[in-house]
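I have placed the structure first, in the form of structure tokens, so that the comments after it can refer back to it.
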Amino acid sequence: MTTTLPLLLLMTSLLPAAVTFFLAQDSHILRNTLQLGGAVIKLGLIVWMLFAVATGATYEAEFPLAPGLVILLRIDALALLFISLSGALWLLTTIYAIAYFGTKAELSRFFGFFSLCVAATTGLALSGSLISFFIFFELLTLSTWPLVAHKQNKPSLAAAKVYFTYALPGSAALLWAIIWLESATGPVLFTEPPDLSGLDPAALRAIFALFIIGVGVKAALVPLHGWLPAAMAAPAPVSALLHAVAVVKAGAFGVVRIVYDVFGAENMTALGVGVPLAIVASVTIVWGSFRALQQDEIKKRLAFSTVSQVSYIVLGAALASPLAMIGGLVHLVHQGLMKITLFFCAGIYDERAGIKRIEGLNGMGKQMPWTSACFSIGAMGMIGLPPLAGFISKFYLGLGAMEAGAPWVLAVLLASTLLNAAYFLPLLYRLWFLPRAEDARGDERASGLVLPAVVTAAATLGVGLLAASPISPLGWATLIVTQGYGP
Amino acid sequence: MNLTVFALTGAALVGLGVYGLIARVHMLRRIMAFNLIGSGLFLFFGAAGARGVGLDPIPQALIITGIVVALSASALAVGLVVALARSSGTACLPDEAGDT
Amino acid sequence: MTALISWLVLPLFAALAAIALPSRARLPAALLGVGLTVVASIWLTIEVWNTGAVTVSLGGWRPPIGIALRADGLGAALGVMTALVMVAVALAARHELAAKVAGPRIGFGFWPLMLLLWAALNAVYVARDLFNLYVGLELITLTAVALVAISGKAAAIAAALRYLLFALAGSLLYLAGVVLTYAAHGTLDISLLAARTVAPGDALALGLMTAGLLVKTALFPFHVWLPPAHSAAPAPASALLSALVPKASLLILLRIWFEAMPELATPMTQSALASLGALAVIWGGVLALLQSRLKLIVAYSTVAQLGYIFLVFPLAGGDGAAQPWAAGAWTGAIFQMLAHGLAKAAMFLAAGIYIAAIGSDRLGDMRGLARALPMTGFAFALASITLLGLPPSAGFTAKYLMMTAAFASGQWAWALVPAGGGLLAAAYLYRPLSAIFARDTALTPRPIPWAWQTVPLVLAALSVALGLLSSIPFEFLQIGRPEQAAEGL
Numbered sequence: 000m001t002t003t004l005p006l007l008l009l010m011t012s013l014l015p016a017a018v019t020f021f022l023a024q025d026s027h028i029l030r031n032t033l034q035l036g037g038a039v040i041k042l043g044l045i046v047w048m049l050f051a052v053a054t055g056a057t058y059e060a061e062f063p064l065a066p067g068l069v070i071l072l073r074i075d076a077l078a079l080l081f082i083s084l085s086g087a088l089w090l091l092t093t094i095y096a097i098a099y100f101g102t103k104a105e106l107s108r109f110f111g112f113f114s115l116c117v118a119a120t121t122g123l124a125l126s127g128s129l130i131s132f133f134i135f136f137e138l139l140t141l142s143t144w145p146l147v148a149h150k151q152n153k154p155s156l157a158a159a160k161v162y163f164t165y166a167l168p169g170s171a172a173l174l175w176a177i178i179w180l181e182s183a184t185g186p187v188l189f190t191e192p193p194d195l196s197g198l199d200p201a202a203l204r205a206i207f208a209l210f211i212i213g214v215g216v217k218a219a220l221v222p223l224h225g226w227l228p229a230a231m232a233a234p235a236p237v238s239a240l241l242h243a244v245a246v247v248k249a250g251a252f253g254v255v256r257i258v259y260d261v262f263g264a265e266n267m268t269a270l271g272v273g274v275p276l277a278i279v280a281s282v283t284i285v286w287g288s289f290r291a292l293q294q295d296e297i298k299k300r301l302a303f304s305t306v307s308q309v310s311y312i313v314l315g316a317a318l319a320s321p322l323a324m325i326g327g328l329v330h331l332v333h334q335g336l337m338k339i340t341l342f343f344c345a346g347i348y349d350e351r352a353g354i355k356r357i358e359g360l361n362g363m364g365k366q367m368p369w370t371s372a373c374f375s376i377g378a379m380g381m382i383g384l385p386p387l388a389g390f391i392s393k394f395y396l397g398l399g400a401m402e403a404g405a406p407w408v409l410a411v412l413l414a415s416t417l418l419n420a421a422y423f424l425p426l427l428y429r430l431w432f433l434p435r436a437e438d439a440r441g442d443e444r445a446s447g448l449v450l451p452a453v454v455t456a457a458a459t460l461g462v463g464l465l466a467a468s469p470i471s472p473l474g475w476a477t478l479i480v481t482q483g484y485g486p
Numbered sequence: 000m001n002l003t004v005f006a007l008t009g010a011a012l013v014g015l016g017v018y019g020l021i022a023r024v025h026m027l028r029r030i031m032a033f034n035l036i037g038s039g040l041f042l043f044f045g046a047a048g049a050r051g052v053g054l055d056p057i058p059q060a061l062i063i064t065g066i067v068v069a070l071s072a073s074a075l076a077v078g079l080v081v082a083l084a085r086s087s088g089t090a091c092l093p094d095e096a097g098d099t
Numbered sequence: 000m001t002a003l004i005s006w007l008v009l010p011l012f013a014a015l016a017a018i019a020l021p022s023r024a025r026l027p028a029a030l031l032g033v034g035l036t037v038v039a040s041i042w043l044t045i046e047v048w049n050t051g052a053v054t055v056s057l058g059g060w061r062p063p064i065g066i067a068l069r070a071d072g073l074g075a076a077l078g079v080m081t082a083l084v085m086v087a088v089a090l091a092a093r094h095e096l097a098a099k100v101a102g103p104r105i106g107f108g109f110w111p112l113m114l115l116l117w118a119a120l121n122a123v124y125v126a127r128d129l130f131n132l133y134v135g136l137e138l139i140t141l142t143a144v145a146l147v148a149i150s151g152k153a154a155a156i157a158a159a160l161r162y163l164l165f166a167l168a169g170s171l172l173y174l175a176g177v178v179l180t181y182a183a184h185g186t187l188d189i190s191l192l193a194a195r196t197v198a199p200g201d202a203l204a205l206g207l208m209t210a211g212l213l214v215k216t217a218l219f220p221f222h223v224w225l226p227p228a229h230s231a232a233p234a235p236a237s238a239l240l241s242a243l244v245p246k247a248s249l250l251i252l253l254r255i256w257f258e259a260m261p262e263l264a265t266p267m268t269q270s271a272l273a274s275l276g277a278l279a280v281i282w283g284g285v286l287a288l289l290q291s292r293l294k295l296i297v298a299y300s301t302v303a304q305l306g307y308i309f310l311v312f313p314l315a316g317g318d319g320a321a322q323p324w325a326a327g328a329w330t331g332a333i334f335q336m337l338a339h340g341l342a343k344a345a346m347f348l349a350a351g352i353y354i355a356a357i358g359s360d361r362l363g364d365m366r367g368l369a370r371a372l373p374m375t376g377f378a379f380a381l382a383s384i385t386l387l388g389l390p391p392s393a394g395f396t397a398k399y400l401m402m403t404a405a406f407a408s409g410q411w412a413w414a415l416v417p418a419g420g421g422l423l424a425a426a427y428l429y430r431p432l433s434a435i436f437a438r439d440t441a442l443t444p445r446p447i448p449w450a451w452q453t454v455p456l457v458l459a460a461l462s463v464a465l466g467l468l469s470s471i472p473f474e475f476l477q478i479g480r481p482e483q484a485a486e487g488l
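Protein chains in written order, with numbering that gives the first Met the number 0: chain A, 0 to 486; chain B, 0 to 99; chain C, 0 to 488.
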């Protein structure tokens, strides 16, 4: 059982992907059954393992390729945190996507790559060694490209090209860093920190920088973030996946793995690379929010907001204090829940009312009450209003900053919160308080679209309210930090 | 002494062939040049094989094989030149000067 | 032993049969020959796997009087790759080069040429005698030139003649080196040469042989003949020319440097060879970027992809104590040969399908073809992943092994070549891919049989699978591996 479980987890997404590619366009029922079935089974497996891992069990599976190239799948608490997020949101996004696309063209191709993308994310979460991480990281790049380009019109093809232009040099940097490091230490496993004494500090700093550039492209760290706002040319379910579960999360997750499992907090402090990373994260947080303020398209505003919010996770990792790390890790889940809610809603506004720009939101609160309520919860969570999810993250990050002796971070958090409020509150004001334009029509007669948004909005509220419970994301993040990285 | 003459003649043939290969653009002349180089090498080979005590049969066997190979190559080349001349009206490669 | 001999002789007999038999029986005879040779090649591989390298002294005469043949892991692995490519090419050619479609000249000429080429390649993979290798090389050249010219078009004949000029020049250079070697040592057997006492003329002999082989491998700056020749041939022939033919001269290069005369290598010559390889990667990539026809892009990419393999000269043996494996760079170079062979054949066969469907391989005419021929588009994309060196393809395995060796031996600058070359490959392959996958639907391509469409897809999938299942081929390649592969030159 210990070796089959990681494999099963991977297969729940990989097999539907492999089969879906060969399905005819009109075999909707079979395709949807495969997709939903895979997602449900995966979620079941995850819940099963949550209980096992909480008591300290670990699962491991190994596939040797050439010597030195070993795919190692390993389930530890951190992997499980990421995988629970992606598993739960995969199911919801699938329901949403089925409703969103209806009977549009090229669905087998779309869902094939969609589940391949989730399989890559799963593999990434389960990776127990640097090289397996890299292999799934690349698989993720390759499988998201067709999703971004899905509409095959000029903007989405251009966006896909921009995505590749950023992603491939990023991968090259990552591979370079891995091989450089492993040439001195041998293959790096996440369970045992490598012995870094064979490399001089200057080389280690360069390797660290290359690692951060490599994963930073995916995590959309400024100035490597340009592809993300461009990628909003993709269909709404893809944006939801990209922003909440797959790509940017993979980048942020990579930062956490590299900081804690490859270098270790102590080495990072000794090398003096933690503070520069925290500064990059802070600049990204403020710059992303600032740019979001200038956008008039809803999806673009949300995209820049992602740039900003994902760097909270990076900031938490960079500060290298237990509380900050808890804040960062919990934000991995919280940001996912909140951002996916917002993208679900943006998609509904577009699909059911043709609203793409923020002026269109005027007075739609009464026309589309469920959607607008969910959108409002997501937005307020992002701002960090208690007791919503975002507040918990920011609170722990703030505590962690004090603990790490970096009070300037509080100023960053404050500035970011103000900016968040400045770009989200006007939207809420328009939704609920401004009069509706004469010709604006919208409805919510698509439960497949609205239901996932309601679930994630409720979760945004729930994880905040129940934060004290041990099975909440906060409880889980605390467990990870005390289990693995206790000071 | 005798052998040195053979070896030197072989070397001279190679030199002549290389000159022809570089200086001429007409394909038939180039094929001749290849044959000259080949013959020069075989002559040298034969001379080298006859040095030791008694006669070494291996070079002779190899030279015969080599001549057969060279003949096939020449035949194919001449066939291609004829086809080229039929289809393009010249026995030179397209981007090289048309003079012979 | 029987396996080895039948593996060499079967394609030869099949070629003769394809010429001599009445026209109705030709195709079945050729296909039967293909099938039997595949069986022989599997048989040989199993034998090598079970008992180690298989050595045969022809007629019971041992070197230096007789001639030895030896199938080691390297030779047998190339043999399997060749068999896979040959089967795929045969299956595609059944449709593409049938006499009804391509005319009686191609319909008749292709099969014996393909089978002769196969026999010659197999002979080169196992020959242990420098002169035997020369004869094999010449046979390859003659069949390859004929394959280029087979369409009879003026441009194809000119390209074939130019190819022949370069190839003959290369052969003569190689032959001159062989003659000098024999004059100095009285033997041409690779194993006996390895044990010789070094003579002053050896460096010149090795230099001449190397120069000749570089011309035949189309290493920069001797590459000018390759793109016109490979793109002028019909697509299945191009697949053979690009995927297999340069591998033969590369293999001989590895044999003479790593097995016959390893002690002559100096840091300077190693760097010089690798630098030419690096220049080939850059130059081939840049020129591929400038082409507007698919077959030319793919042909220039061959120039670039062959360049990586030359990094093996400085990098072999570069796996420091930190690594759990030896001979990483050497094995990586061979993985690159195998991966490139499979992926490149897949690409040319895909190009052949496109040409059959719309009568052109200009990128501008190919827009939106993935809609009508999705499997072919997918095949091209998969093959691109291998050429880009992205995981989990075998191209990545090769790149990873070489980069690791570069770092472990402190020559990290060489690692820039695969890293940068991958990005360049992404740039030049993005153009055909984005054309094929564009949305335009104005095209009405001719229908292509389903069985034909699967051929390049299977080949491309194999090039990825070779990476996923690389542990077994990795071990196989160590059978009969020369010491210098692990210790470095």
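Glycine included, each C-beta is placed from N, C-alpha and C at the ideal position.
Kindly indicate the opening and closing residues of the beta strand (DSSP E) around C/Arg491.
Coverage of chain C is limited to positions 0 through 488, which leaves residue 491 of chain C absent and any answer about it impossible.
Taking the alpha carbon of C/Gly420 as the reference point, which residue from C/Ala434, C/Ser383, C/Gly200 and C/Gly409 has its own alpha carbon closest?
C/Ser383
Assuming A/Leu129 and A/Ile177 are in contact, meaning their beta carbons sit under 8 Å apart, how far apart are those beta carbons, in whole angstroms?
5 Å
In the region 99-132 of chain C, which residues sit with their C-beta less than 7 Å from some C-beta in chain B, listed in chain order?
Phe130
Can you grab the Cα-Cα spacing for the pair A/Glu61 / C/Gly151, in whole Å?
55 Å
Can you check which of these residues, A/Gly364, A/Tyr395, A/Tyr348 and A/Thr120, is closest to A/Ile325 by C-alpha distance?
A/Tyr395
If the criterion is Cβ atoms closer than 9 Å, does the pair A/Ile206 and A/Gly169 meet it?
no
Note down, in chain order, every chain C residue with its Cβ under 7 Å from the Cβ of A/Pro451.
Result: empty, since nearest Cβ-Cβ is about 29 Å, beyond 7 Å.
Answer yes or no: does any C-beta atom of chain A fall closer than 9 Å to that of C/Phe395?
yes
Taking A/Arg73 and A/Thr57 to be in contact with their CB atoms under 8 Å, please state how far apart those CB atoms are, rounded to whole angstroms.
7 Å
Which of the three DSSP states is assigned to C/Asp128 in this structure?
strand
Can you check whether the C-beta of C/Leu73 is within less than 9 Å of a C-beta belonging to chain A?
no
Give every residue of the same chain whose Cβ lies closer than 6 Å to the Cβ of A/Thr11, excluding the five residues on either side of it in the sequence, and list them in chain order.
Gly37, Ile40 and Lys41
Using CA coordinates, which residue listed in C/Ile41, C/Ala303 and C/Ala315 is at the minimum distance from C/Ala277?
C/Ala303
Is there contact between the region 107-122 of chain C and the region 1-18 of chain C, where contact requires at least three CB pairs shorter than 8 Å?
yes
Contact set between C/Leu167 and chain B, taken where Cβ atoms lie within less than 8 Å
Phe33, Ala72 and Ala76
According to DSSP, is A/Cys187 part of a helix, a strand, or is it coil?
Cys is not the amino acid found at residue 187 of chain A; the sequence shown has Val there. In this structure, A/Val187 counts as coil in the three-state DSSP scheme.
Say whether chain C places a C-beta atom closer than 9 Å to the C-beta of A/Trp179.
yes
On a Cα-Cα basis, can you pick out the residue from C/Ala425, C/Gly306, C/Gly388 and C/Ala459 that is closest to C/Thr375?
C/Ala459
Between A/Gly225 and the rest of its own chain, which residues show a CB-CB distance below 8 Å, the 5 nearest in sequence each way excluded?
Val161 and Tyr165
What does C/Ser56 pair with, by DSSP beta-bridge criteria?
C/Ala67
Identify, in the order they occur along the chain, each residue of the same chain with its Cβ nearer than 7 Å to the Cβ of C/Arg361, setting aside the five sequence neighbours on each side.
Ser291 and Arg292
Residue range of the alpha helix (DSSP H) that includes B/Ile62
Pro56 to Ser87
Amino acids of chain A, ordered along the chain, whose beta-carbon sits closer than 8 Å to that of C/Gly421
Leu167 and Ala171
For a contact meaning CB atoms closer than 8 Å, what does B/Ile66 contact in chain C?
Those do not exist, as B/Ile66 stays about 12 Å from chain C at its closest Cβ, beyond 8 Å.
Assuming contact is defined by CB atoms lying nearer than 9 Å, are A/Phe133 and A/Arg256 in contact in what I supplied?
no
Compare the C-alpha of A/His242 against each of A/Ala76, A/Thr3, A/Leu84 and A/Thr19 and name the closest.
A/Leu84
Taking the alpha carbon of A/Asp199 as the reference point, which residue from A/Pro228, A/Gly111, A/Thr184 and A/Ala119 has its own alpha carbon closest?
A/Thr184
Which class does A/Ser126 belong to by DSSP, given the choice of helix, strand or coil?
strand
Closer than 9 Å to chain B by CB, C/Pro63:
yes
Closer than 8 Å between beta carbons: that is the criterion. Which residues of the region 19-42 of chain C meet it against chain A?
none
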